[in-house]
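What follows is a single structure, written as structure tokens, with notes after it.
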Amino acid sequence: MKSTSIKLITLSAVLVATAVHAQIPVTGDTHLAKTIEQAQAMYEKAFGSGTEYAATLASAELLKTLYDVPAERIAAKVVQSQGKSATVKATMPARECDLSLMKNADANKYGWVVQTHSCRGL
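According to our numbering, the stretch in the sequence shown is residues 138 to 259, in order.
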């Protein structure tokens with residue numbers, strides 16, 4: 138099941154990148170158009186604003202700004218998500234951080250706002 142989900146997400150990302158971001162027109166093939174539409178919906182469900190993945194991005198963005206650490210040096214993982222709140226644990230060079238976030242679709246592109254954060258040295 139997990140392998141199938143990963144394959145579908147990968148296919149979704151490829152189709153979305155090909156059809157939307159590259160702006161390749163889809164004409165005459167309604168099955169392909171429907172497949173691309175489904176892929177876009179799956180992509181948004183997995184990676185769009187307000188998702189757990191977006192919570193990790195919002196957390197990394199804050200830490201990057203506060204501690205002047207490149208984004209690729211920050212690893213963030215949702216450890217709890219319930220309704221409109223999430224808890225993220227992030228690690229970066231010499232620090233480990235806990236962040237509490239609340240969903241807010243209007244706040245930013247991630248759909249999450251960091252309410253509190255605390256970091257400690259490693």
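Think of the CB as a built atom: it goes at the ideal place given N, C-alpha and C, for glycine as much as any other residue.
Computed from a predicted model, the values in this text were never measured in an experiment.
Secondary structure of Ala242 (DSSP, three-state): coil. Per DSSP, the continuous beta strand (DSSP E) segment holding Thr224 begins and ends at 222-229. In this model, Ser196 and Asp243 are separated by some 17 Å (Cα to Cα). The DSSP-derived three-state label of Thr172 is helix.
Within the DSSP bridge table, the entry for Lys201 names no partner.
In the displayed model, Leu236 falls within a strand according to three-state DSSP.
Shown here for Ser255: same chain residues with a beta carbon closer than 7 Å to its own, the five before and five after excluded, namely Cys234, Asp235 in chain order. DSSP places Ser196 within a helical segment (H, G or I) once states are collapsed to three. For Val215, DSSP records a beta bridge to Val225.
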